[in-house]
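These notes concern the structure reproduced below.
Protein chains in written order, with our numbering: chain X, 1 to 260; chain W, 1001 to 1310.
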């Protein structure tokens, strides 16, 4: 017998969970937004200006202009990933925030969906700030770029699903590191952020096709650079199918973990 | 028992975790405006029972109704009217004190203006107004507990469940918490409390269920429990084994019952002084004797044993 039948979910209660995260964020955004965005900005500067001095042109673009949209994409990935791995782990095990929520008219489903909404929000905020910086540096080429932050919603949702799934399987916080070293860092390096994967051997391209970040990059780069093609739809569809299939997974896993 | 107006009604309630049976078929009723206590050693199943009442842990079998609603499928409705004070503080460390209350109120869909007023009122009531902008980590243990209780009151609950509300507090803080809980009771809020402190149970509870190894071994008012199992007074004597038997074989109505632990003989009586006189006639070995009033602790130890369960 299970009192929390499948899909005991209320959008309003999930929104309440999201609101709690917003309340917390209001206290910390000043310090976190700078430190979190330092990372992609350092890559942009170091590789864009540094390596860019040696790399002639990449797909007919100055190197820094090529990697800028890629780094907007990766900021979406890291924002949702940090939120749903380290932060979620702390909320489950150390601060026991979810336990407190579940004593109220909030179910585990509301918690998980609310957290996904928040991770998505954070991804969207970061993509927006990154886009502003990239635009200020004169690296944006098209008005379509304003759609790039909206990809924070779909991309953030995708990486929140992955992060929550992993976190629900964790026993200790040290295991979070594996996720970054074995999954996030390879995605960052092999998903077309720093070089196009189209001309690489078939096998590498096949691996790239499995990478969630690759599809995000392949949507955001054309938007920022104004090079729209129908191919974008394939990448959009890939992400949409991914979230539709996998969203229920962390909901079920976390229910097993939180309801005993 | 009149089941109709019960706030909580459990029948044959069980909970297993794998092969471990934490709660083994318990029945109890909690009536409106009373303070009902679960008293028992660690591992007796008190917290598990509380979690089932709080609709956060599904029961394995049996029935459990809160406000007449089934906990198995009305969790949200029940939780809307509950105030839960957990055993370990799970305050929101990422938010300052006052927001711990206002953000929590949102989960009950309380309008923010109402939540603002109520949080001010509760911080005042719990003597935390000065700390309203402080971080949770700056609070002492007693303040945290008071904040937890305030938080549980944000939705004006009809039933509060408090799991060991004063464990780990110093005597001053305990008395302040008791005082506040007593005020709540006067306002008509039904309370369920778990504790392993006898004085707490005596102070707070109108009725008690003594739990041991997942079962309720007794269920009555504190006074009746003491009267029924112990009597008015207790006489403690340390004696060699052989003389213990001599004392116990005394044919007197003064001994209502007894317990024995190592060289200690504990005799339950309605007149311990008189009993001591009688005993002094049979043995000279009465250097260590204590005559004292009986209490809940005597009942507790008699019913749950003197050995550690851990």
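Don't be surprised by glycine CBs; every beta carbon is placed ideally from N, CA and C.
DSSP beta-bridge partners for residue 1268 of chain W? W:1234, W:1257
Start-to-end residues for the beta strand (DSSP E) that takes in residue 1021 of chain W: 1020 to 1030
Inter-residue CB distance, residue 77 of chain X and residue 159 of chain X (contact presumed, cutoff 8 Å): About 5 Å; that satisfies the 8 Å criterion.
Exposed or buried, what is residue 1299 of chain W when buried is set at 16 or more other beta-carbons lying within 10 Å of its beta-carbon? buried
Is the shortest distance between the beta-carbon of residue 1242 of chain W and the beta-carbons of chain X less than 8 Å? no
May I ask which residues mark the beginning and end of the alpha helix (DSSP H) holding residue 100 of chain X? Unbroken alpha helix (DSSP H) run through residue 100 of chain X: 97 to 102.
Cβ-based neighbour list, residue 67 of chain X, same chain, cut-off 7 Å, excluding 5 preceding and 5 following: 44, 47, 48, 193, 194
Could you tell me whether any Cβ in chain B is nearer than 8 Å to the Cβ of residue 237 of chain X? The chain labelled as chain B is not found among the protein chains of the depicted structure, namely X and W.
Between residue 1188 of chain W and the rest of its own chain, which residues show a CB-CB distance below 7 Å, the 5 nearest in sequence each way excluded? 1033
Name the chain X residues that come within less than 8 Å of residue 1162 of chain W, Cβ to Cβ? Near residue 1162 of chain W there are no residues of chain X at all, since even the closest Cβ is about 12 Å away, more than 8 Å.
Along the chain, where does the beta strand (DSSP E) containing residue 146 of chain X start, and where does it finish? Neither: residue 146 of chain X is in no beta strand (DSSP E) and is coded neither H nor E.
CA-to-CA distance, residue 1151 of chain W to residue 233 of chain X, given in whole angstroms: 49 Å
Residues sharing a beta bridge with residue 1010 of chain W, DSSP: According to DSSP, residue 1010 of chain W bridges with W:1028, W:1064.
Is it buried or exposed, residue 136 of chain X, if we count other Cβ atoms within 10 angstroms and call 16 or more buried? Exposed, by the Cβ-count rule.
Using Cβ-Cβ distances below 8 Å, what residues of the stretch 100 to 115 of chain X are close to chain W? 100, 101, 102, 103, 104, 105, 106, 107
Sub-8 Å separation of residue 74 of chain X and residue 225 of chain X beta-carbons: no
Could you name the residues that DSSP lists as bridge partners for residue 47 of chain X? Paired residue(s): none; residue 47 of chain X is not in a bridge.
I want to verify the contact list: residues of chain W whose CB lies under 7 Å from the CB of residue 24 of chain X, in sequence order. 1094, 1095
Taking DSSP as the reference, what is the three-state secondary structure of residue 1160 of chain W? strand
Near residue 1303 of chain W, which residues of its chain fall below 8 Å by C-beta distance, leaving aside the five closest residues on each side in sequence? 1210, 1212, 1217, 1218, 1229
Does the beta carbon of residue 1090 of chain W sit closer than 8 Å to a beta carbon anywhere in chain X? yes
Out of W:1281, W:1182, W:1146, which has the shortest C-alpha to C-alpha gap to residue 1087 of chain W? Looking only at W:1281, W:1182, W:1146, the smallest Cα-Cα distance to residue 1087 of chain W is reached by W:1146.
DSSP on residue 38 of chain X, reduced to helix/strand/coil? helix
Taking residue 260 of chain X as the query, report the chain W residues whose CB atoms sit under 8 Å from its CB, ordered along the chain. 1017, 1057
Between X:128, X:9, X:178, which has its C-alpha nearest residue 33 of chain X's C-alpha? X:128
Rounded to whole angstroms, how far is the Cβ of residue 1291 of chain W from the Cβ of residue 1273 of chain W, which I believe are closer than 8 Å? Yes, they are in contact, since the Cβ atoms of residue 1291 of chain W and residue 1273 of chain W sit about 6 Å apart, within 8 Å.
I need the boundaries of the alpha helix (DSSP H) containing residue 77 of chain X, first residue and last residue. Per DSSP, residue 77 of chain X belongs to the alpha helix (DSSP H) from 63 to 82.
Neighbouring residues, chain X, relative to residue 1065 of chain W (Cβ below 9 Å): Per Cβ cutoff of 9 Å: no residues; residue 1065 of chain W is ~12 Å from chain X at best.
Would a C-beta distance cut-off of 8 Å place residue 1220 of chain W and residue 1208 of chain W closer than the cut-off? Result yes, Cβ atoms of residue 1220 of chain W and residue 1208 of chain W sit closer than 8 Å.
8 Å Cβ cutoff met for residue 1081 of chain W and residue 1158 of chain W: yes
In angstroms, rounded to a whole number, what distance separates the CA positions of residue 57 of chain X and residue 219 of chain X? Computed Cα separation, rounded: 21 Å.
Mind checking who residue 1083 of chain W pairs with in its DSSP beta bridge? W:1160
Using 8 Å for Cβ pairs, my map puts residue 1084 of chain W next to residue 1132 of chain W. What's the rounded Cβ distance? Their Cβ separation, rounded to whole angstroms, is 22 Å, which puts residue 1084 of chain W and residue 1132 of chain W out of contact at 8 Å.
Please list, in chain order, all residues of the same chain as residue 15 of chain X whose beta carbon is under 8 Å from its beta carbon, the five residues on each side excluded. 114, 117
Going by beta carbon distance, what residues of the same chain come within less than 7 Å of residue 8 of chain X, once the five residues before and after it are set aside? 107, 109
Opposite residue 1289 of chain W in the DSSP bridges: which residues? W:1237
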